[in-house]
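Structure first, commentary second.
In UniProt numbering, the protein residues as written are 1 to 302.
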């Protein structure tokens with residue numbers, strides 16, 4: 001493959017069974033598309049291209065996925081990658097699958113993306129820190145997708161990233177409660193009981209999706225202050241396969257201009273918000289489009 005020096009596009013997305021990227025690929029310095037780089041485990045070191053050779057691909061555009069970051073045993077290898085210089089990458093996926101979860105925190109800090117990044121996905125992260133420090137520098141970040149964080153018991157303060165328009169959170173199997181921590185307000189020195197400050201959490205968020213949160217029971221922001229606004233631009237809320245979730249926060253229905261609500265495989269919620277007869281139906285009855293368990297109970301085109 002190293003002989004294809006004029007190759008521009010290498011599309012290898014969704015190659016989950018791939019164990020390594022072969023040596024020689026670092027010679028393809030004109031690549032503009034390289035969907036996924038796979039970090040090899042110790043069994044393939046003699047055959048595999050090293051992670052640091054990503055620096056050779058300065059012409060990459062739009063999307064880059066790095067899988068197998070759990071196989072990185074030497075943090076200095078990740079520190080030598082200059083992702084922040086890849087100015088034409090707008091969507092980045094960091095997958096921490098692999099054999100070693102000890103260095104996840106240091107590795108993710110080393111992999112600082114370019115400042116103009118618009119989309120970020122982080123999968124199988126096993127660190128105890130909730131967000132890398134560089135996240136606040138991504139002022140153009142519009143979407144974030146967090147998938148199966150192994151040790152996550154509390155969701156990160158995503159509200160600190162005020163540019164977000166879309167959030168996807170999936171398979172956080174240890175999360176039992178979502179509260180004010182996700183808003184990212186208190187950590188900025190703002191007291192939620194203040195009556196003199198006017199603040200907004202997730203001011204641009206339009207779409208919020210939770211999926212496969214099997215232990216999630218409670219979602220409550222516990223905020224009654226009218227000076228604190230939560231998700232004032234939210235249009236779409238989807239809750240899928242969260243069987244223990246008891247109720248949705250009233251603050252969202254009161255503050256957000258929701259146009260679409262979808263609830264699927266959430267038996268407690270399905271009963272609570274059942275059309276006209278559900279105990280909390282009145283909380284959502286103003287939403288134009290409501291889909292519960294695959295059936296539209298309310299549509300604005302009827």
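Note that CB positions come from ideal geometry on N, CA and C, so glycine has one too.
Quick check: residue i and residue j, are their CB atoms within less than 7 Å of each other?
i	j	result
residue 170	residue 212	yes
residue 297	residue 287	no
residue 29	residue 56	yes
residue 249	residue 281	no
residue 93	residue 77	no
residue 83	residue 117	no
residue 137	residue 95	no
Rounded to whole angstroms, what's the CA-CA distance from residue i to residue j? Just pull it up for me.
i	j	result
residue 258	residue 217	22 Å
residue 253	residue 58	46 Å
residue 176	residue 150	14 Å
residue 229	residue 54	42 Å
residue 61	residue 89	5 Å
residue 237	residue 128	28 Å
residue 285	residue 139	36 Å
residue 244	residue 104	30 Å
residue 163	residue 233	12 Å
residue 214	residue 154	14 Å
residue 188	residue 152	Its pLDDT being 48, under 50, residue 188 is placed unreliably by the model, and nothing is read from it.
Pull up the CB-CB distance for residue i and residue j, whole angstroms please, since I reckon it's below 8 Å.
i	j	result
residue 165	residue 204	5 Å
residue 143	residue 159	In fact, because the Cβ distance is near 15 Å, the residues do not count as touching under 8 Å.
residue 201	residue 179	Between residue 179 and residue 201 the Cβ distance is about 12 Å, and since that is not below 8 Å, they are no contact.
residue 65	residue 13	7 Å
residue 131	residue 107	Contact flag wrong, Cβ pair sits at about 14 Å.
residue 242	residue 221	The Cβ separation is near 17 Å, so there is no contact.
Residues bridged to residue i by DSSP?
i	result
residue 62	89
residue 67	38
residue 264	240
residue 328	Outside the displayed range of the chain (1 to 302) lies residue 328, so it cannot be described from this structure.
residue 291	262, 296
residue 218	177
residue 119	91, 143
residue 9	33
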